[in-house]
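Residue numbers (my numbering): 174 to 415. Virtual Cβ for every residue (Gly too), placed ideally from N, Cα, C.
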C-alpha cells in the first residue's frame with residue numbers, strides 16, 4: 174500500500190489506518206503527530222518504571238466489526254469505550270506474544286528475574302505494572318477502570334437485568350480480568366454467550382487478510398457478504414434453539 178516505516182523504529186510507532194470502500198478499494202490514511210493522545214507510564218514509588226519509556230494511547234476504538242440491527246448489517250460502525258487497566262498492563266504489556274515486558278519491569282523494580290528461586294516475581298511485577306498504568310492515567314486526567322470496579326459494575330448490571338426478567342449474554346473470557354481473577358465476583362458467575370441482536374459481529378470481510386490490495390469482482394464480494402450473514406444468523410438460531 175506504499176507505507177514506509179519511520180527511519181528510526183520504536184516500540185510504539187503509530188501505524189496508518191486502512192479503509193476499504195464499497196468498491197473494495199483500499200485507502201491508506203497516515204497519522205500525523207498529535208492526532209492520537211498517549212500517556213507516559215510511570216510509578217509513584219518505582220522510578221525505574223518511567224525509565225523504561227512505556228506509553229499507551231488513551232481511547233480504545235474498534236472499527237472492524239459489523240453492527241446488526243433489525244436484520245440490516247452495517248459494516249462501517251466504529252465505536253469506542255474506555256480502557257480497563259489490566260487490558261494495558263496485564264495483557265498488552267505483559268503477554269509473551271505482545272510486548273513481553275515482565276522481565277524488564279521486574280528488573281526495574283529490583284526483582285531477581287533470572288534463575289530466581291522466587292516463583293512469584295511475575296505476580297509482583299504485574300501488580301506494580303498495573304499500579305503504574307492506573308496512576309499514570311489518573312495523573313493525566315484520562316478515564317481508566319480498575320478490574321475490581323469493573324467487576325462490581327458488571328455484577329450490578331447482571332442483578333438489575335435478572336430482576337427485570339432479562340437474560341444476560343456474556344463471554345466469561347472477556348468479562349473476567351486476567352489479574353486477581355478469583356478475587357472478583359464475576360469469576361464465580363456462570364455465563365453464556367447466546368449472541369443476542371442487535372449486536373456487533375466479526376466476519377471474514379473485516380479481518381486483516383482482506384485489507385491486502387486485492388480488487389476482486391464486486392458481485393463476488395456481495396455474495397460473500399450475503400453468505401456471511403446467512404451463516405451468522407444460522408449459528409445464532411442454533412445456539413438459541415438449544
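So what's residue i in DSSP terms, helix, strand or just coil?
{"i": "residue 237", "result": "coil"}
{"i": "residue 348", "result": "helix"}
{"i": "residue 405", "result": "helix"}
{"i": "residue 342", "result": "strand"}
{"i": "residue 375", "result": "coil"}
{"i": "residue 313", "result": "coil"}
{"i": "residue 318", "result": "strand"}
{"i": "residue 337", "result": "coil"}
{"i": "residue 229", "result": "strand"}
{"i": "residue 213", "result": "strand"}
Can you give the beta carbon distance from residue i to residue j, rounded, assuming they're within the 8 Å contact cut?
{"i": "residue 417", "j": "residue 303", "result": "An answer regarding residue 417 cannot be provided, because it is not within the stretch 174 to 415 covered by the chain."}
{"i": "residue 230", "j": "residue 208", "result": "The pair is not a contact, with the Cβ atoms about 10 Å apart (cut-off 8 Å)."}
{"i": "residue 370", "j": "residue 360", "result": "Actually they are not in contact, since the Cβ atoms of residue 370 and residue 360 sit about 28 Å apart, beyond 8 Å."}
Closer than 8 Å by C-beta to residue i: which residues in its own chain qualify, once you throw out the five before and the five after it? Chain order, please.
{"i": "residue 273", "result": "267"}
{"i": "residue 386", "result": "Unreliable placement is indicated for residue 386, whose pLDDT of 46 sits below 50; the coordinate value is still reported in the next sentence. Same-chain partners within the cutoff: 174 and 199."}
Spatial neighbours of residue i within its chain, please: C-beta separation below 7 Å, excluding the five flanking residues on both sides.
{"i": "residue 366", "result": "342, 343 and 344"}
Apart from the five residues just before and just after residue i, which ones in its own chain have a Cβ nearer than 6 Å to its Cβ?
{"i": "residue 416", "result": "Residue 416 falls outside the range modelled here, since the chain spans only 174 to 415, and no answer is possible."}
{"i": "residue 305", "result": "214, 216 and 222"}
Could you confirm whether any beta carbon from chain B is found closer than 9 Å to the beta carbon of residue i?
{"i": "residue 369", "result": "Absence of chain B from the displayed structure is noted, only one protein chain being present."}
Query - Whole beta strand (DSSP E) elements within the region 182–211, 3-residue minimum - result: 190–193 and 199–202
Query raised in the report: What residue ranges within the region 232–290 form continuous alpha helix (DSSP H) runs of no fewer than 4 residues, ordered along the chain?
Result: 275–281
Query raised in the report: Does the count of Cβ pairs from the region 354–371 and the region 232–239 closer than 8 Å reach three?
Result: no
Query raised in the report: Should the region 251–259 be called in touch with the region 306–326, which here means at least 3 C-beta pairs below 8 Å?
Result: yes
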